[in-house]
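Note sheet for the following structure.
Chains as they are written, first to last, in the numbering used here: chain A, 164 to 559; chain B, 164 to 559; chain C, 164 to 559.
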């Protein structure tokens, strides 16, 4: 929950779940060209949306996807700058709440248009994307430079166990559906929604407990890597509260606009590209929404700070499962289109597999390149599965 | 397998799977008021059964449930006093065999009345109740007083792995049913029963091996916590063999009587309360049958003896899965109503989830309060699932 | 990937996945009588096949099964002698590729005759046979002589995690079938085969990465046990390249001949013995194909070299899952009868269970006899399941 230090015009990363301090100048030089130039797609998307005739939905979808990536980064950066000004407790809470704000906004807009299938797929996809893809690339990247990389086991285990809990919670509604469908009373959508609402509530409370653990009772477990960091002196260069708020508001508005375009064009685009709803949700939207975390986690791993890298990737998965998913369930009632937490069998299997593998890999407190390859292989195999799955006729 | 030392009139706890020695006077003062006064429900239940007109089945069910709790405690106490007199080997065996005698009696009576569904649900419920609820409250309670609690990993791992084996064994008949139903030969009840009988036999032999491991070849793994206990001197105050046998006979008879009432009233009571068969079995009966273990495990955790606490809770689960379940299968043939070991999908999922979580939490040899919250969250989520599940039409 | 040293006429063991050096003279004396005399079944099988009238298919099946066991051992021996002459890198590759050649030959011949069900069952059976039966007997055997046996955790964990990946890969086509069957597009055999082909390719690449890890980047992890071995001086007694090649060619030809008999007689034999296809594949063929590994692994465990023992058993499972299975899928296209990787539910469950248990048991770096009993119990329970399963009407 440390704050990143960079010069005022650098590119921001969502480090809400990260634990350390970047040495800013190198980062800026390294990453600015690779992500910030994507901001050019913001005006391109606007142009495509309002002035192109006939409207090219696929191009609009691609451009708004690409535009979300750097905007999510700016939102993360602004959140962290603000968090620093507000002090450890409130700041940590802010980070923990707005860390996946971009994904939340996309999902909320999709939800308001009734795309429940895509939203649920993107929840599952964010979890496996962070755990398998982001972690896999990080461990492989780090492992190619360092023979072995070590990290604090206790913190990694606490996260992995909470992730198992989340996987259980997201499995139960599916178990309910399968079982209830074969019983005399039969399955009813209403009971499914009540069940999901109750589970969402339990997850939300668990998230509050996890935050207390991380921010209050056991905060030193999460602070190990940052104390001996030589870059702390640069903290003075941070943004003012006003600047942070301004960037946050502008970036959030633009993310909302791009999400509006993205969600509006998704149906037309995916039929043009021949992709199924579940593939778009599980793979595409999940990768886009987590691109900023992705680059930061990989960079940390390359610097042999594997603990921070795992903290970012697993922490982001946890935030999706324990905070974003319940908030989406609660919000769906405001839209008048209740969303349950029943996932399809492949989504459930994918989440269970991802959680089990990250537990196996993180429980010994060290990683090597082969473990990165293993995570990526599983991600690839799951990606192949979702690619070949035919369109589903009804949710679940 | 140590023997508890308490003054002659204190309340007894089932410590059959426990490893340590209580300091008696405090215990007595702490717990006597909370459990022993429940004995008042023995005469109340008798009165309700024989003299109330018209009979209130719900009240009878509730009273006999409450009456079983202290009686189960007295049975455990008497078993342990007797075990002490008979020496380590025979005594350990006695404890291991009669440790869950109250649950066994309830289940046998239910079995003789053909309530196979409730019996199987209570087997699954006892396992998850001990592993998630008892362990969860213990770890949370201990964790609120102590930052970190440590215990012997090897013993905890041996138990967790045996529990995994048990989970596999209880899953196989369900896998058989699902697979066989789709094959040409088809599924037949007879084959299901043969399969269950063979599995019950394997479990029973494995239990014998586990006892040899705990009581003979690796007994020092289980004796660590008790040797340095300062209360050993109080052992002289124990019961005589005669007194132990007398208490055992009286308590067992009363448990049998209360179980008779309980089982007789369960059908009427649960329809009055609007609860399903599986909810009653998995949650209610399991909690009642394990209340004594529950209070002891929590108390041990509060005293920072987490090893004993885990030993009690996981040991009780093991005893249910490897001893009580096979004995019930064997007994069902005596009643002429063979019981198979086929569980419903939610029961199987619940057991697998519980076993996986306790493995994750116990494998690092330390606990903190968050892990208690995690176990309780999962118990709550499973409880919600069982609450919303509609009544099943046929077993399995 | 070390080379075994034995006198010229001793019996060879397939140590392709083994890591150490046997002390030859004792081994020869101990094992020659128990396996080499099985070579007598080679001429017996030939006689039964060509001269007995009417042909007794069951006797032919049994004899050719028994004849394969020592031949597989000789193939392994010759491969290793050759590997030694070719140096560490190429030799390691040779071992890794031909280590399960006997099983590969049996499977290829079965595949060419369209026995896809048996082939897939034998893949699953080899994995669980190595992990549960071979490991179980080894740990139990070693544990009866030594109180605790320790081994290198990092190597064991890398193998266990790769095995988890393999289990995931072999589960996915089944998940695909179940899910796709319920969707609008429906399930098609063609998509299933494409999916399986893609997964086979990922597994194959992962195997190449695993070999690089074991033979190149982290080879010292796998070399710990062999360096301090006092038998290294006997290495001079090894075979010449010519002799190795000659033995390899003769043994391979005979294995192919025996496999031809075995596969030709399997259908008639199993109906005569009343066994199902899946039981023959999962239990019988898997045990026969792995008998040589089996004896070596147990012997190593009895000598307190548990690391080598685990290396052999888990390594053989990995080779089956990541090398033999993909090669069979690729080869099936040459035969014009494409094989997919869709396993039946019991096969999938068996593999997942085996992998989970070996992870739990190997992750703490020590074993005791109870863990051996646990693995064998689970193998027995799975064997009971496969024994009682009725014949399946269609694949999957």
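Just so it is clear, CB atoms sit at the ideal spot from N, CA and C, and this is done for glycine as well.
ask   = With distances taken from CA atoms, which of C:296, C:277 and C:369 is nearest residue 513 (chain C)?
value = Your numbering for residue 513 (chain C) matches position 350 in the third chain. If we check each option's Cα against that of residue 513 (chain C), C:296 comes out closest.
task = Mind checking the stretch 351-371 of chain A against chain B and listing, in chain order, the residues whose C-beta falls within less than 9 Å of any C-beta there?
result = 351, 354, 355, 357, 358, 361, 362, 365, 366, 368 and 369
task = Identify every run of the alpha helix (DSSP H) within the stretch 266-315 of chain A, keeping only runs that are complete inside it and at least 4 residues long; order them along the chain.
result = 279-291 and 298-308
query = Does the beta carbon of residue 342 (chain C) come closer than 8 Å to any beta carbon on chain B?
reply = In the third chain, the residue the question calls residue 342 (chain C) occupies position 179. No, its Cβ sits nowhere closer than 8 Å to a Cβ of chain B.
message = For a contact defined as C-beta to C-beta under 9 Å, what are the partners of residue 332 (chain A) on chain B?
response = Taking the first chain and counting its residues from 1, the one referred to as residue 332 (chain A) is at position 169. Correct list: 540, 541 and 544.
task = Please list, in chain order, all residues of the same chain as residue 529 (chain A) whose beta carbon is under 6 Å from its beta carbon, the five residues on each side excluded.
result = As a working note, residue 529 (chain A) is residue 366 in the first chain. Hits under 6 Å: 311 and 313.
request  = Determine whether the Cβ of residue 380 (chain C) lies closer than 8 Å to any Cβ atom of chain B.
outcome  = The residue given as residue 380 (chain C) occupies position 217 in the third chain. Output row for residue 380 (chain C): interface = no.
request  = With 8 Å as the C-beta to C-beta threshold (strictly closer), list the residues of the stretch 408-435 of chain A near chain C in chain order.
outcome  = none
key: Three-state class that DSSP yields for residue 220 (chain A) in the structure shown   = Working through the first chain from its first residue, we reach residue 220 (chain A) at position 57. DSSP places residue 220 (chain A) in helix when its eight states are reduced to three.
request  = Spell out the partners DSSP gives residue 530 (chain C) in its beta bridges.
outcome  = The count along the third chain starts at 1 and reaches residue 530 (chain C) at position 367. C:312, per the DSSP bridge assignment.
ask   = For the candidate residues C:262, C:229 and C:464, whose alpha-carbon lies nearest to that of residue 244 (chain C)?
value = If you number the third chain from 1, residue 244 (chain C) lands on position 81. Of the listed residues, the one whose Cα sits closest to residue 244 (chain C) is C:262.
task = Indicate whether the contact test is met: 3 or more Cβ pairs, each with one atom in the stretch 209-229 of chain C and one in the stretch 377-385 of chain C, closer than 8 Å.
result = no
ask   = If we count the other Cβ atoms within 10 Å of its Cβ and call it buried at 16 or more, is residue 522 (chain A) buried or exposed?
value = As a working note, residue 522 (chain A) is residue 359 in the first chain. Residue 522 (chain A) is buried by the Cβ-count criterion.
request  = Hey, could you find the ends of the alpha helix (DSSP H) residue 464 (chain C) is sitting in?
outcome  = For the purposes of this step, residue 464 (chain C) is taken as the residue at position 301 of the third chain. 454-465 is the span of the alpha helix (DSSP H), which, as asked, contains residue 464 (chain C).
ask   = If you run the structure through DSSP and keep just helix, strand and coil, what is residue 502 (chain C)?
value = As a first step, residue 502 (chain C) is located in the third chain; it is residue number 339 there, counting from the start. It is coil, neither helix nor strand.
key: DSSP state of residue 552 (chain B) mapped onto helix, strand, coil   = Numbered from 1 along the second chain, position 389 holds the residue referred to as residue 552 (chain B). In the structure shown, residue 552 (chain B) sits in coil (DSSP, three-state: anything other than H, G, I, E or B).
Length-filtered (3 minimum) beta strand (DSSP E) runs lying within the stretch 403-484 of chain B = none
inquiry  = Please confirm whether residue 507 (chain A) has its beta-carbon closer than 8 Å to some beta-carbon of chain C.
reply    = On the first chain, position 344 is the one that residue 507 (chain A) refers to. So, interface residue.
inquiry  = To the nearest angstrom, how far is the alpha carbon of residue 550 (chain B) from that of residue 516 (chain B)?
reply    = Mapped onto the second chain, residue 550 (chain B) falls at position 387. Mapped onto the second chain, residue 516 (chain B) falls at position 353. Distance between the alpha carbons of residue 550 (chain B) and residue 516 (chain B): 18 Å.
task = Label residue 543 (chain A) either buried or exposed according to how many other C-beta atoms from any shown protein chain fall within 10 Å of its C-beta, with 16 as the threshold for buried.
result = Locating residue 543 (chain A) in the first chain gives position 380, where the first residue counts as 1. When all chains shown are included, residue 543 (chain A) counts as buried.
task = Keeping to the same chain, check which residues put their C-beta closer than 6 Å to that of residue 306 (chain B); ignore five residues upstream and five downstream.
result = Your numbering for residue 306 (chain B) matches position 143 in the second chain. Same-chain partners within the cutoff: 531, 532 and 535.
message = Please classify residue 388 (chain A) as buried or exposed, where buried requires at least 16 other C-beta atoms within 10 Å of its C-beta.
response = Here residue 388 (chain A) refers to the residue found at position 225 of the first chain. Low local confidence applies: a pLDDT of 46 at residue 388 (chain A) is under 50, so the model's placement there is unreliable, and no value is given.
inquiry  = Once the 5 residues before and after residue 349 (chain A) are set aside, which same chain residues still bring their CB inside 8 Å of it?
reply    = Taking the first residue of the first chain as position 1, residue 349 (chain A) is located at position 186. Cβ within range, chain order: 343.
query = Got a sec: which bits of the stretch 459-481 of chain B sit with their beta carbon under 9 Å from any beta carbon on chain C, in order along the chain?
reply = none
request  = Ignore the nearest five residues each way along the sequence and tell me which others in residue 330 (chain A)'s own chain have a CB closer than 7 Å to its CB.
outcome  = Within the first chain, the letter at position 167 stands for residue 330 (chain A). Closer than 7 Å at the Cβ level, and outside the excluded window around residue 330 (chain A), lie 514, 515 and 518.
request  = Please report the Cβ distance between residue 272 (chain A) and residue 426 (chain A), rounded to the nearest whole angstrom; I am assuming they are in contact, meaning their Cβ atoms lie under 8 Å.
outcome  = Indexing the first chain from 1 puts residue 272 (chain A) at position 109. Indexing the first chain from 1 puts residue 426 (chain A) at position 263. That pair is a contact at about 5 Å.
query = Would a check of beta-carbon distances place residue 335 (chain B) closer than 8 Å to chain C?
reply = Position 172 of the second chain holds residue 335 (chain B). For residue 335 (chain B), the answer is yes, since a Cβ of chain C falls inside 8 Å of its Cβ.
Limits of the alpha helix (DSSP H) - the one that residue 376 (chain C) falls within = What you label residue 376 (chain C) is simply residue 213 of the third chain in a count that begins at 1. Counting along the chain, residue 376 (chain C) falls outside any alpha helix (DSSP H), and DSSP gives it neither H nor E.
task = Write down the C-beta distance between residue 105 (chain C) and residue 294 (chain C) rounded to the nearest angstrom, noting that I regard them as a contact closer than 8 Å.
result = What the structure shows of chain C is the stretch from 164 to 559, and residue 105 (chain C) is not part of that stretch, so it cannot be assessed.
ask   = Mind checking if residue 527 (chain A) is an interface residue toward chain C, Cβ cutoff 8 Å exclusive?
value = Residue 527 (chain A) sits at position 364 when you count from the first residue of the first chain. It does; some Cβ of chain C falls within 8 Å.
key: Nearest-angstrom Cα separation, counted from residue 315 (chain B) out to residue 298 (chain B)   = Along the second chain, read from residue 1 onward, the residue named residue 298 (chain B) stands at position 135. Along the second chain, read from residue 1 onward, the residue named residue 315 (chain B) stands at position 152. Taking the straight line joining both Cα atoms gives about 16 Å.
query = Rounded to a whole number of angstroms, what is the C-alpha to C-alpha distance between residue 469 (chain B) and residue 328 (chain A)?
reply = Position 306 of the second chain, counting from 1, holds the residue named residue 469 (chain B). Position 165 of the first chain, counting from 1, holds the residue named residue 328 (chain A). Near 22 Å, if we compare the C-alpha coordinates of residue 328 (chain A) and residue 469 (chain B).
query = Closest to residue 277 (chain B) by CA distance: which of B:430, B:539 and B:545 is it?
reply = Reading the second chain from its first residue, position 114 is the one you call residue 277 (chain B). If we check each option's Cα against that of residue 277 (chain B), B:430 comes out closest.
ask   = Between residue 268 (chain B) and residue 422 (chain B), which are expected to be in contact by the criterion C-beta below 8 Å, what is the C-beta distance as a whole number of angstroms?
value = Sequence index remark: in the second chain, residue 268 (chain B) carries index 105 (1-based). Sequence index remark: in the second chain, residue 422 (chain B) carries index 259 (1-based). Indeed, because the Cβ distance is near 5 Å, the residues count as touching under 8 Å.
request  = Identify whether residue 258 (chain A) lies in helix, strand or coil by the three-state DSSP scheme.
outcome  = For this step, residue 258 (chain A) is matched to residue 95 along the first chain. If DSSP states are grouped into helix, strand and coil, residue 258 (chain A) belongs with the helices.
request  = Give the straight-line distance between the Cα atoms of residue 471 (chain B) and residue 541 (chain A), rounded to the nearest whole angstrom.
outcome  = Working through the second chain from its first residue, we reach residue 471 (chain B) at position 308. Working through the first chain from its first residue, we reach residue 541 (chain A) at position 378. Approximately 39 Å, taken between the alpha carbons.
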